[in-house]
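If you use numbering that gives the first Met the number 0, the sequence shown corresponds to residues 0 to 924, in order. Cβ coordinates follow ideal geometry from the N, Cα and C atoms, glycine included. Since we're looking at a predicted model, the values are computed, not measured.
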Amino acid sequence: MNQQQLIIELTNIVGASGVLHKPEEILVYEYDASFGTHPPDVIVLPTTTEQVSQIAQLAAQYQIPLVVRGAGTGLSGGAIPLKGGILVVLTRMTGIRNVDYRNRRAVVEAGVINLHLVNKAAEGGYTYAPDPGSGRVSTIGGNIASNAGGPHCLAHGVTANHILGLKVVMPDGEITETGGPLADSIGYDLTGVLVGSEGTLGIVTEATAQLMPQAETVSTLMVVFKTNVEDASAAVSDVIAHGIVPTAMEMMDGMVCRAVEEAVHAGYPDDAAGVLLIEVEGLADGLDETMSKIAEICREHNAVEVHRATTADERTALWTGRKSALGAMGRLAPNYYLEDGVVPRHKLPDAMALVEKIAAKYDLPIGNFFHAGDGNIHPTILFDRRDPDAKHRAHEASVEILNACIEMGGTVSGEHGIGTEKQDFLAKLYNQNDLDAMADLKACFNPDGRLNPGKIFPKTYQPSVTIRDGAINGAIAKSTTKSSADQIAAKLEGVVGAKNVLTGDGAQPYAVGDQPPAFVARPGSVEEISALMRCATEADLAVSPWDGGAQRYLGNPLARLDLVISLERMTEVLEHYPSDLTAAVQAGCTLESANESLAKVKQMLPLDAPLAGQNTLGGIVAAGPLAAGLRRLSYGTVRDMMVGIQMVRTDGRVIRRGGMVVKNVAGYDMAKLQYGALDTLGVITQLNLKLFPQPEDSGAVLAGFADRAHAGQVVDKLMTSRLQPATIALFDAGLAAQLDVSQTQPYWLFVRFDGRAAAVNRQIKDTQNWMNAAGGGEIVTWEAATLNRYWTTLTDFAQMGQINADEALLRVNVMPAEVVNGLGRVSALCREHALDPHSLVDAASGVIWVRVQAEAGQLAENLAPLQQQLLAVAPQTVIAACPPELKPGLNVWGRPPKAAALMQRIRNRFDPLHILNPKRYLLEV
């Protein structure tokens, strides 16, 4: 198609004002905030998702490259149309479609400015946490593409932690949706994969964002160091090593401080070697003590001044200075390279010393301002590009800094992305297998590579030959030559040794549902798992990775089960950096064992999955939402804690993504792909995890209520307050009996708080008052010791490792504001079907767990019709566990997700023979 015809076709879609094609118009869009440039053939500015879909269909019809752009603030070249084509600019899609304060949700179009969403949330007393430095002009869509962070992501997480769902236009024009407004979605975590994918997998046109309450109190310190930035960097690690995780910890060196002060007069000293901005937010109770402790630690590292902002204006001035740092540096030289490396937090002093040496080596000024709390450094190399030698030296300095980040165990991008600027570094971060896995994922979304071509992957990368969707049937045919049981046993013993292969009665305890495997193999290394998977593929063995049996009854009956791979010999904590709050753990380690090890340094993994003594970390990731714990309101789920993963594919290839740093946008997030995938895409062998300090104190308050509505009043009060509960749970008298509280009240509300002792005590008192006002009967408070004694009774309610013949466990997912009424509907429907319900509700997340019991025969007769009625009001109703003989004919996983076809392509790509948990997951019913 010639350009004139293309312009006509696009004009028919968006109107003449939405198509730009004149040379002077194109000039403005041929670059972003990086150094690269390339003109598109034409620019189009749609206003609706439907228009974007039509544009994509047109591009697909004529095989035209398609690149999406937001505000053009990207620093990696991600929005540069390297091969021309159509540049889709989403800045006219600026609708904030819905802000639901009670449910803490906002639905926004991709062109909404980040700050506009923050301001809209603030009208109701809430905030949208990601706050990149470009937030005053950058768009939500662009920040999703790069998984943007910002100063306050230390405590609150990056964009991926705050996006629940996406509306996406695929390269062929198909409109699909991933995730949604509910706390969880069944199926592969495509939302997590799309965030940070730099517009190479789909065009995000709309997002459902999670909001959070504004803090009751915010306190900001300016800490001045006159020795060097290494001392300031050491102070950062030491603060966190003391169990204090501030909301933000930002570093600026002397050069940056002076530039900022000249530009905006923020109140920074002009004689400092480095300045830390440290901010802590939350409840006022106990905050002064925390700030004093931080100040004390900083002084131990040679801080000469610790100044606490005393007014909102002073705090604003300090942060205005920090967010103006890049602009201020631009006043010092015509050009700069702004880097975006990440190092483990304990390596910050080494990194700063190295940057100083590199500046001297290349005779260039390098300023440092960065997110010190998470090790995300931004060395800014000043030069004049009109001087070829200076430009060359600046580039060489940049390369040396990023190589050093890799050598220190870090990565080359924490929040800016890879784009074109850092492609070749991925060959140093990842091996061929790692890149092939990412390429296979990309092929499921963007098979012909027309969407944002030439980005992320190294320019020299060539994919290995891997099986394609169309070859599945042929591959299955080739693999049907069966080996005898003795031959298979011999092969397995050759890999793991005879004592680590179980058959017959020895294999019975490893049954999945009521299906015992023919063989159990217990590998002791990743290499052995790789060899086992090669054997399984060659012999066409159906494989189920073992999770300790904690999710034994989850999912559909397996089509067959030949081999269970148990990681019970792979249970070590491989690396643990207490000052970084990170650990690398083998996937066979149980949650209980991991926490016992971490407790030695007063750290924890607050996952709270059922059956913690047998539930493995790999199994918790595989179960995903079905293993999410009761403290997710404060800590998130394992999805939010994974910073790296290692897994083995069905053909034995070992792949990894991530490392031991808490921010990493180098390549696709393969860890997110494993969350909730039920081991259908590979065998998880290692997890790198973000940890938490054990809280100074914990406590809980419980109150009995005569009806759900009055308990719901307290839930509403808590969810719209600025208190910080870790858990808000509602349960009935059945569970109350196990907790040794009165059974005379039909409903009990349980609220847990973790944190500073003064804050915990204050929150318990406030909640007691609200419970009294709402008509609470008996009110009980638990101190930490009592809480710890009963905690597993609560967390084990949703266990799927054991099930009686007369019971089933259902998980119903609704919006948080609907959870109390939803429980009423669920309970009524259960009783209508002669099923006796007992419930535990995560009221903050909208998750209703119901364990139903019935007389003989009633369960088999009534479970299916009950679920059908529940699906009509709650499509994400999952039968999490029930007697296996009842499962045929049941819709165990609820309604299929809207992106089911895309998920199926991913399954076929990563497990073309369907040997991993065949038929167990929702995509194969």
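Buried versus exposed, by CB contacts within 10 Å (16 or more), residue i
i      : result
Glu338 : buried
Glu595 : exposed
Leu26  : exposed
Ala359 : exposed
Lys477 : Its pLDDT being 47, under 50, Lys477 is placed unreliably in this model, and the value from its coordinates should be taken loosely. Looking at its Cβ environment, which holds fewer than 16 other Cβ atoms inside 10 Å, Lys477 is exposed.
Asp795 : buried
Gln798 : buried
Ile7   : exposed
His264 : exposed
Gly615 : Looking at the sequence shown, residue 615 is not Gly but Thr. The residue is buried, with at least 16 neighbouring Cβ atoms inside 10 Å.
Lys764 : exposed
Ala470 : Legend: pLDDT at Ala470 = 45, less than 50; position of this residue unreliable, no value from coordinates given.
Bridge-paired residues (DSSP) for residue i
i      : result
Arg307 : Leu220
Gly703 : Trp747
Asn367 : Pro378
Phe456 : None, per the DSSP bridge assignment.
Gly496 : Per DSSP, none; premise fails for Gly496.
Glu574 : Ala583
His837 : Arg850
Gly643 : Gly657 and Asn687
Gln602 : Pro692
Met248 : Ile277
Arg68  : Val88
Phe730 : Trp747 and Leu839
Tyr335 : Leu381
Ile202 : Val168
Tyr30  : Thr36
Pro212 : Tyr125
Ser565 : Trp545
Glu302 : Per the sequence shown, the amino acid found at residue 302 is Ala instead of Glu. Its beta-bridge partners are Phe224.
For residue i, the nearest candidate out of the options (CA to CA)
i      : options                           : result
Ser578 : Thr319, Ala302, Ala558 and Ala234 : Ala234
Thr726 : Ala670, Gly179 and Leu793         : Leu793
Gly932 : Lys225, Lys292, Ala626 and His370 : The requested residue 932 is not part of the displayed model; the chain covers only 0 to 924.
Asp270 : Glu304, Asp383, Gly409 and Asn375 : Glu304
Lys886 : Tyr552, Gly198, Asp312 and Val500 : Tyr552
Leu89  : Gly281, Tyr61, Gln209 and Val203  : Val203
Thr570 : Cys534, Ala535 and Gln685         : Gln685
Asn861 : Pro874, Cys256, Leu828 and Ala121 : Leu828
Pro39  : Gln903, Leu81 and Val18           : Leu81
Phe749 : Lys427, Ala758 and Leu839         : Leu839
Glu197 : Met169, Asn146, Val167 and Gly178 : Asn146
Thr589 : Val228, Gly547 and Ala627         : Gly547
Val136 : Ala853, Val117, Ala121 and Arg103 : Val117
DSSP state of residue i mapped onto helix, strand, coil
i      : result
Leu616 : helix
Val194 : coil
Gly473 : Per-residue confidence for Gly473 stands at a pLDDT of 42, beneath the threshold of 50, marking its modelled position as unreliable; the derived number appears in the next sentence. Reduced to three states, the DSSP call for Gly473 is helix.
Ile185 : coil
Leu690 : coil
Gly156 : coil
Thr315 : helix
Trp848 : strand
Asn227 : coil
Arg321 : helix
Ala271 : coil
Gly681 : coil
Asn594 : helix
Gly651 : coil
Gln14  : Here residue 14 is Gly; the residue named in the question, Gln, does not match the sequence. If DSSP states are grouped into helix, strand and coil, Gly14 belongs with coil.
Ile878 : strand
Ser52  : helix
Arg810 : strand
Asp349 : helix
Val259 : helix
Residue-chain proximity (residue i, chain D), Cβ-Cβ < 8 Å
i      : result
Thr502 : Of the chains in the structure shown, none is chain D; there is only one protein chain.
Going residue by residue through the stretch 512-555, where are the continuous beta strand (DSSP E) segments of at least 3 residues, counting only ones entirely within it? 518-520 and 542-545
Enumerate, from N- to C-terminal direction, the unbroken alpha helix (DSSP H) stretches of 4 or more residues contained entirely within the stretch 83-123. 113-121
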